[in-house]
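Written out below as structure tokens is the structure these notes cover.
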Amino acid sequence: MTAATFDTLGYFEKLKAAGVPEEQAKVQAAAFREFTVIQEENARKELATKVDVVQAEMRLAEKIEANKHEVLKWVIGTMVAQTALIVAVMAFLK
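Here it is as structure tokens:
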């Protein structure tokens, strides 16, 4: 993320040109600069880095792999149970 620059001098001069007293214009320019710095810091905290994304992908891949094995166990178990049931029914009907 590129840092947004804030022209405090330009802001101060615009306030003075608009009729704002010099002392008040200085305070407003300083306060607005502090606000933009805080906003930028907060935005940086919220952004995910490439490392964060890669770590999340790795965790998801591990979970997907674990779920594949779990589903496979259930499918094979169900097939064995179904086959046993069919054999039992066929033996009973003879």
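Numbering-wise (this note's numbering), the sequence shown opens with residue -12 and increments by one. We put the CB at the ideal spot given by N, CA and C, even for glycine. This structure is a prediction, so every number in the text was calculated from the model and none was measured.
Requested in this report: Return the first residue and the last residue of the alpha helix (DSSP H) that A18 is part of.
Outcome: Here residue 18 corresponds to residue number 31 of the sequence shown, with the count starting at 1. Where A18 is concerned, the enclosing alpha helix (DSSP H) stretches over 9 to 33.
Report task. Give me the Cβ distance between E9 and K3, rounded to the nearest whole Å; I'm assuming they're in contact under 8 Å. Result -> Reading the sequence shown from its first residue, position 22 is the one you call residue 9. Reading the sequence shown from its first residue, position 16 is the one you call residue 3. Contact holds; Cβ gap of about 6 Å.
Requested in this report: Note down the Cα distance separating Q42 from A68, rounded to an integer number of angstroms.
Outcome: Stepping through the sequence shown from its first residue, residue 42 is reached at position 55. Stepping through the sequence shown from its first residue, residue 68 is reached at position 81. Taking the straight line from one Cα to the other gives about 39 Å.
Query - Straight-line gap, T70 to L34 (C-alpha atoms, nearest Å) - result: In the sequence shown, residue 70 corresponds to position 83, counting from 1. In the sequence shown, residue 34 corresponds to position 47, counting from 1. Those two C-alpha atoms are separated by around 53 Å.
Requested in this report: Report yes or no: do the segment 14 to 21 and the segment -8 to 1 share at least 3 C-beta pairs separated by less than 8 Å?
Outcome: yes
Query raised in the report: Going by other Cβ atoms of all chains shown within 10 Å of its Cβ, with 16 needed for buried, is A12 buried or exposed?
Result: For the purposes of this step, residue 12 is taken as the residue at position 25 of the sequence shown. It is buried - the Cβ of A12 has at least 16 other Cβ atoms within 10 Å.
Query raised in the report: Just how far apart, CA to CA, sit I73 and L59?
Result: By 1-based counting over the sequence shown, the position of residue 73 is 86. By 1-based counting over the sequence shown, the position of residue 59 is 72. Cα to Cα, I73 sits roughly 21 Å from L59.
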